[in-house]
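Residue numbers (the numbering used here): 54 to 531. For every residue, glycine included, the Cβ atom is placed at its ideal position computed from N, Cα and C.
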Ligand code: B12
Ligand code: SF4
């Protein structure tokens with residue numbers, strides 16, 4: 054198993070997808086070895102070494118990201134994957150998978166010349182796929198399996214129930230040290246229909262929750278066996294469905310876990326009782342997938358909540374002392390100076406700890422935004438989206454970016470990774486060295502609050518310039 058992800062911004066992310074596959078592979082009787090390329094100085098050399106040491110029959114390459122989804126400073130990871138596959142494909146059958154692969158399966162197989170791949174979750178189908186590879190039986194017909202040279206599979210992927218990952222082959226503590234957290238998934242699937250979003254494409258639109266007791270057992274093992282004291286829940290939305298979120302928080306409180314955590318929160322489904330439970334269960338930071346402060350843009354993006362709900366949830370978090378970041382996405386259908394001003398005004402009013410801003414929306418096949426982009430001629434029929442294409446088209450995008458950069462530059466808490474507003478790779482490195490916990494924006498907000506207090510308390514009036522600059526913070530709906 055090779056984790057091909059080498060991205061370290063906004064922080065290195067533990068390869069949870071492969072940890073989910075390790076258990077089912079072991080149970081099916083396969084001997085597995087892991088090569089995680091994240092911290093390797095020379096990735097091709099590490100691949101060559103691993104192939105020499107224990108020549109494999111099959112290499113499973115996990116592709117989490119295709120690119121950093123950041124306009125205009127876009128970084129594609131496809132060349133890196135191509136290189137890994139080319140080193141392996143002469144000696145072994147190469148199987149691709151992961152969210153990056155699932156978004157562009159046919160083009161990625163063609164670009165890398167891997168043998169086959171799995172769209173979506175791998176737990177259930179992978180043992181069957183390996184059995185067929187071993188027996189030399191054709192691979193076609195297995196759900197979600199794509200074979201090089203064929204088109205998309207006739208049999209769609211089948212979403213399974215969500216189990217527990219197996220971390221025994223992985224370096225959990227390195228990710229805790231350098232990434233600031235361990236990651237845990239409590240459910241899969243999102244029933245909402247935001248026009249640009251891939252999450253329902255990747256995980257399906259039916260929510261499948263894990264039993265709260267299973268999640269607590271996993272958290273307990275992370276604390277006891279790996280010394281984990283901070284978790285980032287990586288669910289699309291932590292607080293939906295609310296009963297499941299409540300049940301999980303109650304189980305965490307009952308277990309007495311000594312753990313802090315953060316999660317992605319939908320502004321439309323947060324009430325005081327749930328937030329209170331979350332805080333008592335250890336939540337100290339939330340990321341609100343607000344997208345816009347304009348009612349018209351919320352509608353055009355297909356969001357399920359209103360501006361008033363954003364106000365309410367943001368104030369609830371502030372009053373509960375939970376660090377809060379709003380994610381904004383500029384450039385949706387109908388964005389103009391007026392709608393940009395509405396978003397700016399809302400953020401000024403709510404004054405969250407951080408506002409993380411993306412300008413331009415990456416277009417993915419299978420989303421409603423793709424259909425809009427086709428209609429408007431932003432992309433053409435059959436155009437590959439393996440390399441990122443953003444909505445709207447360039448002249449409009451540049452105009453919006455200029456306006457947003459101007460507004461963001463005047464605000465200390467706004468972080469615009471693509472436009473280098475309040476971002477600094479140096480600060481990111483420093484935070485890693487100091488082994489701070491939690492999302493990077495939260496650590497920066499804490500630093501700036503502390504600096505504010507220190508400046509206040511200093512009779513000489515000596516002050517450091519705060520708040521610290523921020524760092525690439527990750528684009529994420531939710
Ligand atoms: C949580 C999350 C984050 C969090 C992570 C926090 C943490 N500590 O984990 C944060 C906000 C930090 C983040 C950051 C980024 N993210 Co993100 N993130 C996600 C999210 C919502 C969940 C990922 C996850 O952990 N899933 C749970 C695991 C278990 O699922 P999985 O990895 O997909 O694995 C399953 C299958 O894919 C498959 N599988 C996996 N590997 C393999 C291999 C083989 C061989 C097979 C057969 C199957 C298989 O089986 C697994 C088990 O079922 C996804 C969207 C989504 N819903 O998937 C985006 C997503 C993965 N992120 C994405 C991106 C782009 C990024 C950033 C680059 C954004 C940025 N500019 O900062 C960074 C990169 C960070 C890094 N160092 O890699 C994109 C990737 C697509 C793309 N265009 O490249 C996604 C898909 C969102 C999107 N835009 O659609 N992210
Ligand atoms: S943006 Fe959030 S709520 Fe909307 S579809 Fe995506 S994951 Fe679901």
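Residue 164 has its alpha-carbon roughly 44 Å from the corresponding atom of residue 500. Taking C-alpha positions only, residue 170 is separated from residue 195 by approximately 11 Å. Exclusion of residue 283 from the 7 Å shell around the ligand B12 follows from its C-beta lying no nearer than that to any non-hydrogen atom of the ligand. Distances from the alpha-carbon of residue 126 to those of 82, 451 and 465 put 451 closest.
For residue 234, the Cβ falls inside the 7 Å cut-off from some heavy atom of the ligand B12.
Of the residues 116, 226 and 279, the one whose Cα lies closest to the Cα of residue 488 is 226.
When secondary structure is reduced to three states using DSSP, residue 467 falls in the strand class.
A contact is defined here as three or more CB-CB pairs under 8 Å, and the stretch 308–323 meets this definition with respect to the stretch 275–289. Per DSSP, reduced to three states, the secondary structure at residue 251 is coil, with no helix or strand assignment. By the C-beta criterion, the stretch 407–416 is judged to be in contact with the stretch 376–388, since at least 3 inter-stretch pairs fall below 8 Å. Boundaries of the beta strand (DSSP E) around residue 409: 407–412. In the three-state scheme derived from DSSP, where H, G and I count as helix and E and B as strand, residue 124 is classed as coil. When only Cα atoms are considered, residue 422 and residue 236 end up about 29 Å apart. With the rule of 3 Cβ pairs closer than 8 Å, the stretch 265–275 counts as touching the stretch 306–313. For residue 317, the enclosing beta strand (DSSP E) starts and ends at 313–318. Here the C-alpha atom of residue 187 lies approximately 44 Å from the C-alpha atom of residue 493. In this structure, residue 200 sits away from residue 141, with a CB-CB distance that is not shorter than 8 Å. Separation of the CB atoms of residue 406 and residue 495 is rounded to 7 Å, and the pair is thereby assigned contact status at 8 Å. One thing to note: residue 339 has its Cβ no nearer than 8 Å to the Cβ of residue 399. If you look at residue 115, you'll find it in the beta strand (DSSP E) that goes 111–115.
Set against 7 Å, the gap from the CB of residue 187 to the closest heavy atom of the ligand B12 is not smaller.
Under DSSP, residue 56 takes part in a beta bridge, and its partners are 89 and 115. Looking from the CA of residue 173, the closest CA among 103, 66 and 255 belongs to 255. Within 7 Å of the C-beta of residue 171 there is at least one heavy atom belonging to the ligand B12. Of 175, 108 and 498, the smallest CA-CA separation from residue 151 is found for 175. Taking the C-beta atoms as reference points, residue 82 is found no nearer than 8 Å to residue 119. The way I'd put it, the stretch 216–223 does touch the stretch 70–78; three or more beta-carbon pairs between them come closer than 8 Å.
The Cβ-Cβ distance between residue 415 and residue 178 does not fall below 8 Å. Excluding sequence positions up to five before and after residue 96, its CB lies within less than 8 Å of the CB of 59, 90, 133, 136 and 137, all in the same chain and listed in chain order. Within the stretch 179–224, the runs of beta strand (DSSP E) that reach at least 3 residues and sit entirely inside it are, in chain order, 198–200. Taking 7 Å as the cut-off, one finds no heavy atom of the ligand SF4 near enough to the beta carbon of residue 264. DSSP places residue 344 within a strand segment (E or B) once states are collapsed to three. Beta-carbon to beta-carbon, residue 266 and residue 304 are separated by about 6 Å, close enough to satisfy the 8 Å threshold. Under the DSSP assignment, residue 73 falls in the alpha helix (DSSP H) whose first and last residues are 69–80.
Residues 247, 248, 344 and 385 of the same chain have their beta carbon placed closer than 6 Å to that of residue 354, with the five preceding and five following residues left out of the count.
Cα atoms of residue 147 and residue 85: separation of roughly 14 Å, rounded to the nearest angstrom.
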